[in-house]
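Which chain is which? The protein sequence lines are A and B, in order. Going left to right, the first sequence walks through residues 11 to 403 as the numbering used here numbers them. Going left to right, the second sequence walks through residues -3 to 541 as the numbering used here numbers them. Just so you know, even glycine gets a beta-carbon here, dropped at the ideal spot from N, CA and C. In this text, all values refer to a predicted model and were calculated from it rather than measured experimentally. Report on the following structure.
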Amino acid sequence: MSEIIVKPPPETTSVTPLGEAVPPISHGFRASPLNQRRWKNFKSNGRGYWSFWIFAILFFVSLFAELIANDKPFLVKFDGKLYWPAVISYSETTFGGDFETAADYRDPFLQKLVAEKGGTMYWPLIRYSYSTHNLDLPTPAPSKPTWLLTEEQCKPVVEKKGLKSCRDLEYNWLGTDDQGRDVVARLIYGFRISVLFGLALTLISSIIGIAAGGVQGYFGGWIDLGFQRFIEVWTAIPSLYLLLILSSVLVPGFFVLLGILLLFSWVSLVGLVRAEFLRGRNFEYITAARALGVSSKVIMFRHLLPNAMVATMTFLPFIVSSSVMTLTALDFLGFGLPPGSPSLGELLSQGKSNVQAPWLGFAGFFSVAIMLSLLIFIGEAVRDAFDPRKTFR
Amino acid sequence: MDAINQPLLDVNDLSVGFHHAGGMSLAVDRISFRIERGRCVALVGESGSGKSVSALSVLKLLPYPTAVHPSGSIRFKGRELLGMSEKEIRSIRGNDISIIFQEPMTSLNPLHTIEQQIGEILLLHSGVRGAMARSRTLELLTQVGIPEPETRLASYPHQLSGGQRQRVMIAMALANEPDLLIADEPTTALDVTVQAQILTLLSDIQRRLGMSLLFITHDLGIVRRIADEVCVMNSGKIVEHGPVERVFTSPQHPYTKALLAAEPKPDPAPPQPHAPVVISTDDLKIWFPIKRGLLRRTIGHIKAVDGVKLTVRKGETLGVVGESGSGKTTLGLALLRLISSQGPIVFLGKDIQGLRFQEMRPFRRDMQIVFQDPYGALSPRMSVSDIIAEGLGVHQPSLTESQREDRVIKALRDVGLDPETRFRYPHEFSGGQRQRISIARAVVLEPDFVVLDEPTSALDMLFQAQMVDLLRELQRKHDLTYIFISHDLRVVASLASHLIVMRHGKVVEEGPASELFKNPKSDYTRALFAAAFRLETAASGAVAQ
Chain A
11 MSEIIVKPPP
21 ETTSVTPLGE
31 AVPPISHGFR
41 ASPLNQRRWK
51 NFKSNGRGYW
61 SFWIFAILFF
71 VSLFAELIAN
81 DKPFLVKFDG
91 KLYWPAVISY
101 SETTFGGDFE
111 TAADYRDPFL
121 QKLVAEKGGT
131 MYWPLIRYSY
141 STHNLDLPTP
151 APSKPTWLLT
161 EEQCKPVVEK
171 KGLKSCRDLE
181 YNWLGTDDQG
191 RDVVARLIYG
201 FRISVLFGLA
211 LTLISSIIGI
221 AAGGVQGYFG
231 GWIDLGFQRF
241 IEVWTAIPSL
251 YLLLILSSVL
261 VPGFFVLLGI
271 LLLFSWVSLV
281 GLVRAEFLRG
291 RNFEYITAAR
301 ALGVSSKVIM
311 FRHLLPNAMV
321 ATMTFLPFIV
331 SSSVMTLTAL
341 DFLGFGLPPG
351 SPSLGELLSQ
361 GKSNVQAPWL
371 GFAGFFSVAI
381 MLSLLIFIGE
391 AVRDAFDPRK
401 TFR
Chain B
-3 MDAINQPLLD
7 VNDLSVGFHH
17 AGGMSLAVDR
27 ISFRIERGRC
37 VALVGESGSG
47 KSVSALSVLK
57 LLPYPTAVHP
67 SGSIRFKGRE
77 LLGMSEKEIR
87 SIRGNDISII
97 FQEPMTSLNP
107 LHTIEQQIGE
117 ILLLHSGVRG
127 AMARSRTLEL
137 LTQVGIPEPE
147 TRLASYPHQL
157 SGGQRQRVMI
167 AMALANEPDL
177 LIADEPTTAL
187 DVTVQAQILT
197 LLSDIQRRLG
207 MSLLFITHDL
217 GIVRRIADEV
227 CVMNSGKIVE
237 HGPVERVFTS
247 PQHPYTKALL
257 AAEPKPDPAP
267 PQPHAPVVIS
277 TDDLKIWFPI
287 KRGLLRRTIG
297 HIKAVDGVKL
307 TVRKGETLGV
317 VGESGSGKTT
327 LGLALLRLIS
337 SQGPIVFLGK
347 DIQGLRFQEM
357 RPFRRDMQIV
367 FQDPYGALSP
377 RMSVSDIIAE
387 GLGVHQPSLT
397 ESQREDRVIK
407 ALRDVGLDPE
417 TRFRYPHEFS
427 GGQRQRISIA
437 RAVVLEPDFV
447 VLDEPTSALD
457 MLFQAQMVDL
467 LRELQRKHDL
477 TYIFISHDLR
487 VVASLASHLI
497 VMRHGKVVEE
507 GPASELFKNP
517 KSDYTRALFA
527 AAFRLETAAS
537 GAVAQ
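Below, the structure is given as structure tokens:
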């Protein structure tokens, strides 16, 4: 090897008394020291850290809601073959029934057919979906949680089904709503749709907000001035009333609601990102990049965006929780998701109109309260994690 | 009788440590020095050498309990300061021992007038108020040489210049006639001409009041000018101490020798009167409009650069000198079309004034810039290799991955850095090394012309000389043309073949550097040179107060 490695200049060897100057090189993938520190800070906020895991697990589990609460078994062994009713729809004739319609696995007739051929049904934990009407309610809907029923109330159903006592019934752990649908099932599905809605709204509105804020902050001048005035006018519109009007005109659905809420939620990040870009565009390394002839687009993405992301990340959990809250409020008022969808707001509004059935109100209240608290705690921990001055012992 | 013979301040075996996540690190390691009455002792060293920490521990101004003293004693007039309670030490602070800091901008409360700020000190320690306090304040302001002290009483800090603010700080420190004044880099943030004035004032007052002075600085010129004794600090230790004359004429310790030899060697590129012109301007103007009123009408202009005419030929270095606010940096940015300006800028025979972004791009490869602040000039989120290769991606997109890497390695070798370090991030490098990375980013494109905007100002003395050598070497090797912007005349003298002196956006004087340094023509240039090279104040009128 004729290659000569140039000796580092003497200053490399000067070690300041306040710690080593150059840490050893690390090979392979490792989070940067900054991110490691942030993760450590995040972990040292115990409440937020645990909230994060609880929320992550709840959300992950709720993604598989069809396998937890469903009126279809997830697996049927029948005639030597395997069927997956939770995922694939089969007609009743598949199992020897008479109709071409989709099989109703809760129907005792079908259950008998399967059992006669020596087949087995593997049911999820809860045998109701969010839209399943429990046709064998011991009391008129809304019905109490099954474990609160007296033997006397159960008697007609128990006799009809040929069972021994209340305890042998299919449980409605938190009772049913006013249409005889299981509350637990509706909570699981409702949680999922709320969180998905919140995340989708946050994601899209941050993309728009960051783009708008970035353009304003980077270019400044008339673009900034015009945009800022527009945003001022836009935020002055009383958004809730407009949302109500719009959602009564348009046919509500997940994506329509997403679009309507997006009209107003994108502004929340603009000011923040704009300020970060305004600050950042005067850094010397930005001027250096301009002197290299790097285009504005690349400068914004490669140099400025990472700076703005720190402030943005801090805000995200709070935006998720406010999105969830807005959706719940619209649902509560009846302008939200279409009728029949599992939604926490609708559960709350049922609780309001059925005061004699406190399990509805309690279930709705606690699930919303816990979900929002978890999100806020996570948000606090994220804020700590990104705070450069925060020190933990 | 003992009290008269013992030194005013006796620091013995003092150590200072700081607790942090991984344990404790020692910032000051068993230092001893003493200050006799009426003497000036200088603590000199580079940033991080522990000189400020040592001085602050005299007044117990460190962030306790994060900071600790594992060993040592500090005796002031025979009394031990280290074990003193907070209440006792408060009666000494500002009364027997005063301190002035580096940054006159932030050391004064912006919401209080000068009279209120000085009056507060008088009230706290001597209980003087009312008319008596006012007359004492006036006396102090006169003492520190503030012109028209009566009208200045009601001024707020922002209405004063940097030098005047530092004078007010000194007045506050003197308010209770302290026995010892600690000056922590009091002139570093000031322009050279003002620095000379403040130094003169300090040594004047010290002699008149018979006060002792502990002077902390990184500038050996100042030490020589003001101090009786000097302690040289390095890595938390005092490596050498003794009378100034002795240390400067026959230094014993290798570090002191290196520090004294660190003066950049004057060996500028020779003027090339027949070489082709690289860049020239004629009547270049950068005026920022001042807008007022509802309709934002332009009522006037701040003339940052006003009618500058310059010509730089291939292989030359044009030094641009002037005090802060003279428009040097603005001029540099305008030459590279990084801010808008008026007037022709001819670069390699083409007028680049008014070209659009896309049209400008081919020229960017040949013109580069290196900034002052090695911490701000590198994106903290990119590896060194990415930082250096960024320009290659723009100008030579056809290069393959390995060709690009070769160029990066070559650039790193050029600036004297180990190419193996290219995967690291900027925060892992020292200030001097970062500045080398900035230079590598500029030279990797093989430009013809580089604007150097105070590239040595943020560096310690030892690295300044190295940086000057490096720049000179690169210039010879690649036949580069420089514009070197600096307020540090010693560094400029060692590099520049031509010189322009700027003041208030205008060129005061220009010419070949060798001639100009020998025979400055204008009063301002003479005052600037006197202040910079000999730390002398000029006849009043030539420079700002």
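Boundaries (first-last residue) of the alpha helix (DSSP H) holding residue i
i       : result
Q366(A) : Here Q366(A) belongs to no alpha helix (DSSP H), and DSSP marks it neither H nor E.
L347(A) : From DSSP, L347(A) is part of no alpha helix (DSSP H); its letter is neither H nor E.
R86(B)  : E82 to I88
M463(B) : M457 to H474
V124(A) : P118 to E126
Y520(B) : D519 to R530
Y115(A) : That residue, Y115(A), is in no alpha helix (DSSP H); it is neither H nor E in DSSP.
A185(B) : Per DSSP, A185(B) belongs to no alpha helix (DSSP H) and is neither H nor E.
T326(B) : K324 to L331
D410(B) : E397 to D410
Where residue i meets chain E, residues with beta-carbon distance less than 9 Å
i       : result
R239(A) : Absent from the structure is chain E; the protein chains it does hold are A and B.
Reference residue i; option with closest CA among the options
i       : options                               : result
L370(A) : F264(A), L197(A) and D114(A)          : L197(A)
F264(A) : N80(A), V225(A), R284(A) and L206(A)  : L206(A)
L273(A) : S249(A), S258(A) and Y199(A)          : S249(A)
R432(B) : L256(B), K517(B), A373(B) and V503(B) : A373(B)
Y132(A) : L315(A), V86(A), A379(A) and P118(A)  : V86(A)
M323(A) : L357(A), S351(A), F396(A) and E76(A)  : F396(A)
V365(A) : D146(A), V124(A), S101(A) and P152(A) : P152(A)
M457(B) : E416(B), Q364(B) and K261(B)          : K261(B)
I166(B) : E146(B), G141(B) and V188(B)          : G141(B)
E111(B) : I96(B), S50(B), A129(B) and E401(B)   : A129(B)
A407(B) : G387(B), F425(B), Y421(B) and P393(B) : G387(B)
Q2(B)   : S320(B), L22(B), H270(B) and I31(B)   : I31(B)
S490(B) : L314(B), R309(B) and L395(B)          : L314(B)
T142(A) : P368(A), P155(A), V277(A) and D187(A) : D187(A)
I117(B) : V308(B), E82(B), G328(B) and V164(B)  : V164(B)
D278(B) : D200(B), G339(B), V439(B) and R293(B) : G339(B)
N182(A) : A79(A), M310(A), L123(A) and V124(A)  : A79(A)
Paired residues, beta bridge with residue i - DSSP
i       : result
H494(B) : L314(B) and P508(B)
E76(B)  : R71(B)
E236(B) : V228(B)
Q338(B) : K281(B)
V12(B)  : V24(B)
Y132(A) : L85(A)
R499(B) : K502(B)
D347(B) : V342(B)
G206(B) : DSSP output for G206(B) lists no bridge partner at all.
Span of the beta strand (DSSP E), counted from its first residue to its last, around residue i
i       : result
V308(B) : R293 to R309
Q364(B) : M363 to V366
G208(A) : Run containing G208(A): none in the beta strand (DSSP E); it sits in the alpha helix (DSSP H), V193 to F229.
V40(B)  : C36 to V40
P285(B) : V273 to R288
V446(B) : F445 to D449
Y478(B) : T477 to S482
Please give the ranges of any beta strand (DSSP E) in the region 90 to 161 of chain B, keeping only runs that are unbroken, at least 3 residues long and fully inside the region. 93 to 96
Could you name each continuous beta strand (DSSP E) segment of 3 residues or more that falls completely within the region 64 to 103 of chain A, going from the start of the chain to the end? 85 to 88 and 91 to 93
Using a Cβ-Cβ cut-off of less than 8 Å, give me the residues of the region 275 to 295 of chain A that come near chain B, in sequence order. F293, E294 and Y295
If you measure beta-carbon to beta-carbon, which residues of the region 389 to 409 of chain B are closer than 9 Å to chain A? G389, V390, H391, L408 and R409
Please identify, using Cβ separations under 9 Å, the residues of the region 233 to 264 of chain A that lie next to chain B, in order along the chain. none
Report the residues of the region 362 to 392 of chain B with a CB closer than 7 Å to any CB of chain A, ordered along the chain. Q364, I365, F367, D369, G372, A373, L374, S375, R377, E386, G387, V390 and H391
Chain B contacts made by the region 166 to 192 of chain A, where a contact means CB separation under 8 Å: none
Could you tell me which uninterrupted alpha helix (DSSP H) segments, each at least 4 residues in length, are contained entirely in the region 352 to 393 of chain B, listed from first to last along the chain? 353 to 360 and 380 to 391
Report the start-end ranges of each alpha helix (DSSP H) in the region 234 to 317 of chain A that is 4 residues or longer and not cut off at the edges. 249 to 259, 264 to 275, 280 to 290 and 294 to 301
Taking a Cβ distance cut-off of 9 Å, strictly less, list which residues of the region 296 to 312 of chain A are near chain B, in chain order. I296, T297, A298, A299, R300, A301, L302, G303, V304, S305, S306, V308 and R312
Closer than 8 Å between beta carbons: that is the criterion. Which residues of the region 314 to 344 of chain B meet it against chain A? L329, L332 and L334
Which of the residues in the region 312 to 333 of chain A, read from start to end, lie with their CB under 7 Å from any CB of chain B? H313 and P316
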